[in-house]
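Novice: The sequence shown stops at residue 404 when you use the numbering used here, and every number in between is there.
Just so it is clear, CB atoms sit at the ideal spot from N, CA and C, and this is done for glycine as well.
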Amino acid sequence: MSCDAVASVAPTVPGLAATIWDPVVGQLVPGVGTELSKPIRGLVSFVLVLMGGALVLRLRRNYVDESINAILDSPAMAVLYGIAGYVIVAIVGLYGATTLARLSVAGGVFVRIVILISSAFVLVLTSFGFLVVGTLLTGILRNRQPALGLLIGASLSAVSWILLSPAGSIVSSLAIAAFGIGGSARVWIHSERTVETELGGR
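Written as structure tokens, this is what we have:
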């Protein structure tokens, strides 16, 4: 999806979000907030980030160095670009879910499938962000070590869930992860605009 397409869909986000917010988030937040103790939430977060980060290292290890280099080029803007990346993913997921719900008789089933796929993608994206931040920290002390960086990133996610409220944990986790994915998001957004500009000029 191009940046222009995202921009054209953006005004409808409140309506799209309202369509699935109550059945999804309304069930998720109480469970996260009350059914699990803080240590368990921290352990679950640690394991999920560890699994997602390990998947990234297995499939796209070079993305870690590329993202860190992009962050170092413009560290002050990393969080903003990371948030923009999350917003784009949210718009695409919400748009896809509501479109399938309207077009299909079995819309409810497809909506759940899209939400699951989108949630898995966000989990991997967030894990990647923590992996990048952890690896960046190892590079400050010595050479970059992605494996150790993954452990540090997963530990950061766990600590936030142990020390903070569910809402605070979500905000802090997204902020850290947004910084981690900000470099890659900036490169992608600007490369997307460059391709569109070149095609438009022909």
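Under 8 Å by Cβ, that's how I've got residue 330 and residue 382 pegged, so tell me the actual separation to the nearest angstrom.
Specialist: Confirmed, Cβ separation roughly 7 Å.
Novice: Can you tell me whether residue 264 is helix, strand or coil according to DSSP?
Specialist: In this structure, residue 264 counts as helix in the three-state DSSP scheme.
Novice: Among 288, 361, 246, which one has its Cα closest to the Cα of residue 390?
Specialist: Per the Cα distances, 288.
Novice: Please classify residue 366: does DSSP put it in a helix, a strand, or coil?
Specialist: Residue state, collapsed to three classes: coil.
Novice: So which of 335, 344, 248, 349 has the shortest CA-CA distance to residue 284?
Specialist: Residue 284 has its Cα closest to that of 335, out of 335, 344, 248, 349.
Novice: Indicate the three-state DSSP secondary structure (helix, strand or coil) for residue 226 in the structure shown.
Specialist: Reliability of the predicted coordinates at residue 226 is poor, the pLDDT of 40 falling under 50, and the value obtained from them is presented with this limitation in mind. In the structure shown, residue 226 sits in a helix (DSSP, three-state: H, G or I).
Novice: Compare the Cα-Cα distances from residue 338 to each of 244, 363, 272 and report the closest residue.
Specialist: Comparing Cα-Cα distances from residue 338 to each of 244, 363, 272, the minimum goes to 272.
Novice: Compute the Euclidean distance between the alpha carbons of residue 269 and residue 393, then round it to the nearest angstrom.
Specialist: About 14 Å.
Novice: Taking 6 Å as the limit between beta carbons, can you name the residues of its chain near residue 244, skipping five residues before and five after?
Specialist: If we look at residue 244 and ignore the five residues flanking it on each side, its Cβ neighbours are 360, 363, 364.
Novice: According to DSSP, is residue 391 part of a helix, a strand, or is it coil?
Specialist: In the structure shown, residue 391 sits in a helix (DSSP, three-state: H, G or I).
Novice: Exposed or buried, what is residue 369 when buried is set at 16 or more other beta-carbons lying within 10 Å of its beta-carbon?
Specialist: Its Cβ having fewer than 16 others within 10 Å, residue 369 is exposed.
Novice: What whole-angstrom Cβ distance do residue 356 and residue 251 have, given they're in contact under 8 Å?
Specialist: Yes, they are in contact, since the Cβ atoms of residue 356 and residue 251 sit about 4 Å apart, within 8 Å.
Novice: For residue 214, which residues of its own chain have a beta-carbon under 6 Å away from its beta-carbon, when the five flanking residues on both sides are left out?
Specialist: Residue placement at residue 214 cannot be trusted, given a pLDDT of 43 that sits under 50; the coordinates are not used to answer.
Novice: Between residue 372 and residue 304, what straight-line distance do the alpha-carbon atoms span, to the nearest angstrom?
Specialist: If I take the Cα positions, the gap works out to 31 Å.
Novice: With distances taken Cα to Cα, identify the nearest neighbour of residue 326 among 279, 249, 374.
Specialist: Considering only alpha carbons, the answer is 249.
Novice: For residue 271, name the three-state secondary structure that DSSP assigns.
Specialist: In this structure, residue 271 counts as helix in the three-state DSSP scheme.
Novice: Below 8 Å on the Cβ atoms is my guess for residue 332 versus residue 379; work out the distance and round it to an integer in Å.
Specialist: The Cβ separation is near 6 Å, so the contact holds.
Novice: Exposed or buried, what is residue 278 when buried is set at 16 or more other beta-carbons lying within 10 Å of its beta-carbon?
Specialist: By the neighbour-count rule (16 or more Cβ atoms within 10 Å), residue 278 is not buried but exposed.
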